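The listed protein sequences derive, respectively, from chains A and B.
Taking our numbering as reference, the numbering of the first sequence is continuous, increasing by one, and the terminal residue is 134.
Taking our numbering as reference, the numbering of the second sequence is continuous, increasing by one, and the terminal residue is 134.
Protein chains: 2
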Amino acid sequence: MHFDLHSESSTPIYRQIVEQLRREIGAGLLKPGDALPSVRQVAELHTINPMTVSRAYSLLEAEGLLIRQRGKPMCVAAQPGGQDSSAKRLQLITPSLEQVAREARQLNLDTESVIAELARLMKKDRK
Amino acid sequence: MHFDLHSESSTPIYRQIVEQLRREIGAGLLKPGDALPSVRQVAELHTINPMTVSRAYSLLEAEGLLIRQRGKPMCVAAQPGGQDSSAKRLQLITPSLEQVAREARQLNLDTESVIAELARLMKKDRK
DNA sequence: CCAACTGTATTATAGTATTGATACACAAAT
DNA sequence: ATTTGTGTATCAATACTATAATACAGTTGG
C-alpha cells in the first residue's frame, strides 16, 4: 500500500491521504472489506506522525467510506451503490480539469498542446 | 479586471491572485506598463480585505514582475526575456497536469475519457 | 495468560498561515 | 491646501497543521 504523499506540498498530509483514498475506493481499486495499512506502518514509512494518519482515517470513517473495528485494522465499507460508474468518477476529476482549463486560458495555451502534454504524462505514468 | 477567485478553495486568496498574475504576465496577456486594478477595487469587488490583495502585489513586486510607484497604481514590469515561449508556458502548467494524471490513475480512468472531458471544458471556456 | 498488534483520546507544544482593522506616507489634481 | 487616490507597515486575532508522549480499549495468535 503506497500513499503518494508530498510533504512539501501546500495541501496538508492528512488531506492528501483522505482524497487519495476517496478516489481509490470510489474507483473500486480498494474493495469493500479490504484492510488498510495500520497508522503506525504508514507513519513509519513516510516518517510522519501516527496521529496524522489517524486523523485521515477518522474523517473517512465519519464519511462512511471506512469502518472502524476495535483492535482490528480499518477496512473499506460496503459502498451503497457499488463502485462508482465511469461517469461519476469522471465527475470527481472535473475540479482538477477545470483548474487546468483556467490555467491554460491564463497562459494563452492552445488546447492541442495541453492535451498532447497530458497524454504524454499519463502514458509515462502507466509504467 | 477579472481575477478568478474562489474563497471556498483551500488555496489562499492571495496565492490565487499571485499565480494568476504570474501566468497572465508570462503569457503576455498583461503587457509591460499595464496598470493593475487598485487593491481597494479588487477588495470591494470580491469582498475581501485590501491587505490580502496588497500581499499578493508585494510578492510579485519582490519577484520583479510588478513595479511599485508611490501614489500610483502598480504596473507590469518589463520582462527580461520578453514573453515566455510556448514551451516555457507549457512547463508552468505541468504540475497541474501531473495532478490530473495522478488522480486519473487513482480513479482508474482511461486516458481517452479524461482527455475528452478536458477538451470539452476547454472548448466551453473559450466563449 | 501474554505479547504484539489494532485505532484513538488526551494534552501539550510549536510553528506557520491567513485574514483583518487601523493608521500612515506619498502622489496627483483641483 | 485639500481631497482623493495610490500602496503598505504594524499589530492582532484566529485557524490550521503537525508533532510528541502517554494511556487506554480492544483483538489476535502463540
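We put the CB at the ideal spot given by N, CA and C, even for glycine.
All figures in this text were calculated on a predicted structure; none of them were measured in a lab.
Exercise. Of the residues V107/A, D132/A and P44/A, which one's Cα is nearest the Cα of I122/A?
Worked result: Of the candidates V107/A, D132/A and P44/A, the one whose C-alpha sits nearest the C-alpha of I122/A is V107/A.
Problem set entry | For K95/A, three-class secondary structure by DSSP | Three-state DSSP puts K95/A in a helix.
Exercise. Along chain B, in chain order, which residues have C-beta atoms closer than 9 Å to that of G88/A?
Worked result: Those do not exist, as G88/A stays about 16 Å from chain B at its closest Cβ, beyond 9 Å.
Problem set entry | Three-way DSSP call (helix, strand, coil) for A50/A in this model | DSSP, reduced to helix, strand and coil, places A50/A within a helical segment of the structure shown.
Problem set entry | Local conformation of Q76/B per DSSP, three classes | Q76/B: strand per DSSP, three-state reduction.
For this session: Return the residues of the stretch 33-55 of chain B that lie within a Cβ-Cβ distance of less than 8 Å from chain A, sorted by chain order.
Result: G33, A34, G35 and L36
For this session: For S103/B, decide whether its Cβ has a neighbour in chain A, counting only Cβ atoms nearer than 8 Å.
Result: Among the residues facing chain A, S103/B is included, as its CB has a counterpart in that chain under 8 Å away.
Problem set entry | Any C-beta of chain A under 8 Å from that of V107/B | yes
Exercise. Which residues bound the alpha helix (DSSP H) around A126/B?
Worked result: T118 to D132
Exercise. Secondary structure at A85/A, three-state DSSP: helix, strand or coil?
Worked result: coil
Problem set entry | Local Cβ density within 10 Å of S103/A, reported as buried at 16 or more and exposed below that | Of the other Cβ atoms in all chains shown, 16 or more fall within 10 Å of the Cβ of S103/A; this residue is therefore buried.
Exercise. Is the shortest distance between the beta-carbon of Q23/A and the beta-carbons of chain B less than 8 Å?
Worked result: no
Exercise. Which residues in chain A sit within 7 Å of L116/B, going by Cβ to Cβ distance?
Worked result: Think of a sphere of 7 Å around the beta carbon of L116/B: the chain A residues whose beta carbon falls inside it are R96, L97 and I100, in chain order.
For this session: Measuring only between beta-carbons, confirm whether A126/B sits less than 8 Å from chain A.
Result: Yes, contact with chain A.
Problem set entry | Pick from R96/B, D41/B and V25/B that is closest to A84/B, judged by C-alpha positions | Per the Cα distances, D41/B.
For this session: Could you have a look at A34/A and say whether DSSP puts it in helix, strand or coil?
Result: coil
For this session: Starting from the beta carbon of A111/A, find every residue of chain B whose beta carbon is closer than 7 Å, and list them in chain order.
Result: I100 and M129
Exercise. How many angstroms separate the CA atom of H13/B from the CA atom of Y21/B?
Worked result: In a straight line, the C-alpha of H13/B is about 11 Å away from that of Y21/B.
Problem set entry | Distance between L43/A and V49/A (C-alpha atoms, nearest Å) | So the two alpha carbons sit approximately 10 Å from each other.
Problem set entry | I55/B to Q23/A span [Cα, whole Å] | 28 Å
Exercise. With a CB to CB cut of under 6 Å and the five nearest residues on each side skipped, what residues in its chain are close to H53/B?
Worked result: L12
Exercise. Would the beta-carbon of L125/B fall within 8 Å of that of R96/A?
Worked result: no
For this session: In angstroms with no decimal places, state the Cα-to-Cα distance between A94/B and S92/A.
Result: The alpha-carbon atoms of A94/B and S92/A are separated by roughly 36 Å.
Exercise. Excluding five sequence neighbours on each side, which residues of the same chain lie with their C-beta closer than 8 Å to the C-beta of R62/B?
Worked result: Y21
Problem set entry | P39/B beta carbon less than 8 Å from that of Q76/B | no
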